[in-house]
Amino acid sequence: MNRVMLGGIPIRIEGGAPTVEYAPIGGVTVGRRSGGAAVKMQHWRKTAITIRGTGWMGPGFAGLDFSQPLELRCTKQQSLATTALTGTLPGTPRPDDSPWALAYIDGDWRRTPVAVVSDGAFTITEVPGALQYQVCWRPVFMVFCEPPPESMDPASNTHDWTITAEEI
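Using the numbering used here, read the sequence shown as starting at 54 and increasing by one per residue.
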């Protein structure tokens, strides 16, 4: 079973089942032309990742060097919907967990093989009659983050913690 990992340290279930959230961040501005028409200007886009947990232990990250970039391996999947059989993933899959694909056919999603090469290019095995495909992967990010704030409830002996990271 794959676990969320930060800097090579896995978050074990005793540290709390991690809840993972992705949010886009970026240099995006909506400007207006003289007639009021909106124009979207995007300079860059990255991902902010928030991970929360509650368990009977903290996550154990005190030994990590938070002044340096850290590798963050997540368990919340990302996905790309497509009608094409080839394309490129917009993110990096975990090296310890292969991407997978689903085909939408007869009102149901069915697994179908997918090949992904190191640059993220994928090729889906066609399923006759499929209306759509979805390629899924669990991502890995290089991030900057600070040591997570932690709290403890002595009445229930539970530790709460939150990691807030930004993709480099």
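We treat Cβ as the ideally placed atom computed from N, Cα and C, and that holds for glycine.
Please name the residue or residues paired with residue i in a DSSP beta bridge.
i, result
"residue 99", "78"
"residue 63", "58"
"residue 171", "According to DSSP, which records beta bridges pairwise, residue 171 is partnered with nothing at all."
"residue 192", "146"
"residue 204", "213"
"residue 108", "212"
"residue 219", "101, 197"
"residue 84", "92"
What's the gap between the Cα of residue i and the Cα of residue j?
i, j, result
"residue 125", "residue 60", "6 Å"
"residue 106", "residue 214", "6 Å"
"residue 155", "residue 130", "13 Å"
"residue 55", "residue 172", "22 Å"
"residue 118", "residue 192", "22 Å"
"residue 158", "residue 184", "6 Å"
"residue 96", "residue 81", "6 Å"
"residue 199", "residue 98", "21 Å"
"residue 182", "residue 135", "14 Å"
"residue 207", "residue 201", "19 Å"
"residue 211", "residue 128", "22 Å"
"residue 186", "residue 115", "42 Å"
Nearest to residue i by alpha carbon, out of the options?
i, options, result
"residue 141", "176, 220, 110, 157", "176"
"residue 85", "79, 78, 93", "93"
"residue 204", "120, 190, 153, 216", "216"
"residue 63", "110, 138, 139", "110"
"residue 194", "101, 207, 152", "101"
"residue 66", "78, 112, 179", "112"
"residue 151", "201, 190, 76", "190"
"residue 143", "188, 209, 58", "188"
"residue 220", "168, 123, 91", "123"
What do you get for residue i, buried or exposed, if any count of 16 or more other CB atoms within 10 angstroms of its CB means buried?
i, result
"residue 89", "exposed"
"residue 197", "exposed"
"residue 104", "buried"
"residue 83", "exposed"
"residue 68", "buried"
"residue 108", "buried"
"residue 165", "buried"
"residue 218", "buried"
What are the complete beta strand (DSSP E) segments, minimum 3 residues, inside the segment 110 to 165? Unbroken beta strand (DSSP E) runs of no fewer than 3 residues, entirely contained in the segment 110 to 165, are found at 123 to 126, 131 to 135, 139 to 141, 153 to 158, 161 to 165, following chain order.
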